[in-house]
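The block underneath contains the structure these notes are about, expressed in structure tokens.
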Ligand SMILES: [Zn+2]
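In our numbering, the protein residues as written are 1 to 330.
As structure tokens, this is what we get:
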């Protein structure tokens, strides 16, 4: 395999972040700062009719522009809930403000990953950081949410996917949304809980449900239109908006969806983890026992035939997820 590209089922994919052009422009979100909730960059619209509290979350990671573009789209098109409440939230605005097209990967966060803080142990704990301060401010809001969509993008230009956690209701909601093609059922990272895994969203029983959409490569134009499509279909599936609002903007025929269940998360334990090939994600490794990486001297091999590699990371540090392994179940 060449060093400049990787072979996947979806063809040849260029490898490094530097191979990707910055096609998206970060929208100016200053107008959304004051909002109407008392929390900066959070706006809630209330239909006055009964229904769920639905929240669309952007900028959990500051360099993932597609979510901000999708919320800006909703504001510009005057979205209003037909029933229940709809909240639009820009999460890690401090990191977003640091976005620099010259160093586009650097603004994922300021101090730490906002999406690894979502356990009561960490939220109630003694530590402080830019991200923890914001998480503690937003926590009472998320506590009131019934249905949440968290918009993200990925390091590599692999097909969009939606993470639905481990609950059956998460999987059903992802199927009701209908896009993207790939649904990934997973239970997160050893390095900390995601918003998707926070409190009631991950409870085996209960109504609260969250989805995390990975809309494509961070800076590709397509990621923005995927984010808008997923968001509109999410709002339709939750019933918070009427088809009259969403339908004129829907561009894609919903694909036949497939579900991947994550079976293993490979957490880096040593000081140096090297992949055997230039994986970008969504490779299907045919044979059980194939060597995929070495973590210092520890060999990491696929545990079964047709094992799918999910989002292999090159921002590697000890204790963090390197890659997750999954099985196509339907
Ligand atoms: Zn992200």
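Glycine residues also receive a C-beta, built at the ideal position from the N, C-alpha and C atoms. Note that this is a predicted model, so its numbers are computed, not measured.
Just verifying my parser: in three-state terms, what is the DSSP assignment at residue i?
i           : result
residue 212 : strand
residue 339 : As displayed, the chain neither begins before 1 nor continues past 330, which places residue 339 out of reach and without an answer.
residue 72  : helix
residue 24  : coil
residue 14  : At residue 14, the pLDDT of 49 sits below 50, so the modelled position is not reliable; the number obtained from the coordinates is stated separately. The answer is strand: DSSP assigns residue 14 an E or B state.
residue 261 : strand
residue 32  : helix
residue 266 : strand
residue 205 : coil
residue 326 : strand
residue 315 : coil
residue 162 : strand
residue 282 : coil
residue 98  : coil
residue 232 : helix
residue 250 : coil
residue 177 : helix
residue 184 : strand
residue 9   : The predicted model places residue 9 with a pLDDT of 46, which falls under 50 and marks its position as unreliable; any figure quoted below should be read in that light. It is coil, neither helix nor strand.
residue 1   : Residue confidence is low: residue 1 scores 36 on pLDDT, short of 50, so the model does not pin down where it sits. Its coordinate-derived value is still stated next. Coil at residue 1, not helix or strand.
residue 110 : coil
Look up residue i in the DSSP assignment and give the residues it is bridged to.
i           : result
residue 154 : 217
residue 88  : 43 and 56
residue 295 : 273 and 298
residue 189 : 192
residue 307 : 285
residue 118 : Note: residue 118 sits in no beta bridge, so no partner.
residue 149 : 56 and 211
Please report the Cβ distance between residue i and residue j, rounded to the nearest whole angstrom; I am assuming they are in contact, meaning their Cβ atoms lie under 8 Å.
i           : j           : result
residue 268 : residue 317 : 7 Å
residue 27  : residue 72  : 4 Å
residue 69  : residue 224 : 4 Å
residue 226 : residue 266 : In fact, because the Cβ distance is near 27 Å, the residues do not count as touching under 8 Å.
residue 104 : residue 219 : 6 Å
residue 209 : residue 54  : Contact doesn't hold; Cβ gap of about 10 Å is too wide.
residue 174 : residue 162 : 5 Å
residue 106 : residue 134 : Not confirmed; about 18 Å, so no contact.
residue 79  : residue 201 : About 23 Å separates the two Cβ atoms, so there is no contact after all.
residue 192 : residue 117 : 6 Å
residue 321 : residue 189 : 4 Å
residue 50  : residue 81  : Residue 50 to residue 81, Cβ: 11 Å. No contact.
Can the beta-carbon of residue i be found closer than 8 Å to that of residue j?
i           : j           : result
residue 150 : residue 86  : no
residue 231 : residue 325 : no
residue 169 : residue 259 : no
residue 292 : residue 308 : no
residue 235 : residue 241 : yes
residue 24  : residue 56  : no
residue 290 : residue 298 : no
residue 281 : residue 312 : yes
residue 114 : residue 92  : yes
residue 197 : residue 165 : yes
residue 126 : residue 84  : no
residue 217 : residue 271 : no
residue 131 : residue 145 : no
Any heavy atom of ligand 2 closer than 7 Å to the CB of residue i?
i          : result
residue 64 : No copy of ligand 2 occurs in the structure displayed; its ligands are ligand 1 alone.
Compare the C-beta of residue i with all C-beta atoms of chain B and state if any pair is closer than 8 Å.
i           : result
residue 162 : Of the protein chains in this structure there is only one, and it is not chain B.
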